[in-house]
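Undergrad: Can you read through this structure? Questions will come right after.
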Amino acid sequence: MSRRLSMSVLIIMFLLGARSVSAQSDDPCVQIGGVWSDEEGKCIQSLTLNVQLRQPLWIRDYEFARPVVDDFLLSARTNFAAALLQPDLYTPPGPLELDIDYAEYAFSPDIVSIEFIVYEYTGGAHPLTTYRTFTFDLAQGRVLSLVDLFL
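Read in order, the letters of the sequence shown are residues 12 to 162 in the numbering used here.
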């Protein structure tokens, strides 16, 4: 008897919840990622962004390395912003985020690598972390490729 009552309560709760979700999905304000304000009588869309880009300042002293890092950071920021300009973007609660940090590694005083750690959250189930590395020969003033490093 107790089990039957529990199952009945669960089914009723499920059906009420399904009706509520269905009503929300029919709401034009919710469909565009908004929240209805009874106080203002308006549908309000909010989009919170958090963008932080970090880079080592010593890069500014090397004319050959500066454009490489600047282009990477500009491209990351531009691609992140482009995705946000989609007209059908559903904006979840909480900030959308692009956070680029870095770590430095030195093979020698002249051979230095920068690892950029790129964290993006665009509203999905999980954020995405990617990596981009650059290795510089400071003495010869050039960016090294994998072939330079391993052959």
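Even glycine gets a Cβ: it sits at the ideal position worked out from N, Cα and C.
1. Might you give, ordered along the chain, the residues of its own chain that have their beta carbon closer than 8 angstroms to the beta carbon of Thr144, omitting 5 neighbours on each side?
2. Where DSSP assigns a beta bridge to Tyr130, which residues make up the other side?
3. Is it right to say Leu96 is buried, meaning 16 or more other beta carbons lie within 10 angstroms of its own, or is it exposed?
4. By how many angstroms is the C-alpha of Ala136 removed from the C-alpha of Leu109?
5. Does DSSP classify Phe75 as helix, strand or coil?
6. At which residues does the alpha helix (DSSP H) containing Leu162 begin and terminate?
7. State the start and end residues of the unbroken alpha helix (DSSP H) segment that holds Gln42.
8. State yes or no: is the C-beta of Val6 within less than 9 angstroms of the C-beta of Ser57?
9. With a cut-off of 8 angstroms on the beta carbons, I'd call Pro67 and Tyr113 a contact; round off their distance for me.
10. Does the distance from the C-beta atom of Pro106 to that of Leu155 stay below 9 angstroms?
11. Looking only at its chain, what residues have a beta carbon closer than 6 angstroms to the beta carbon of Val62, apart from the 5 residues adjacent to it on each side?
12. Taking the straight line between their C-alpha atoms, what separation do you get for Asp49 and Asp38?
13. Evaluate Ala93 with the Cβ neighbour count: other Cβ atoms within 10 Å of its Cβ, from every protein chain shown; 16 or more gives buried, anything less gives exposed.
14. By DSSP, does Ser48 sit in helix, in strand, or in coil?
15. From this set, Val129, Ala150, Gly134, which residue's C-alpha is nearest Thr140's C-alpha?
16. Starting from Ile55, trace the beta strand (DSSP E) in both directions and tell me its first and last residue.
TA: Once the coordinates are examined:
1. Ser124, Ile125, Glu126, Phe127
2. Asp110, Thr140
3. exposed
4. 16 angstroms
5. coil
6. Here Leu162 belongs to no alpha helix (DSSP H), and DSSP marks it neither H nor E.
7. 39 to 42
8. The first residue shown for the chain is 12 and the last is 162, placing residue 6 beyond what the model contains.
9. 6 angstroms
10. no
11. Leu109
12. 14 angstroms
13. exposed
14. strand
15. Val129
16. 53 to 55
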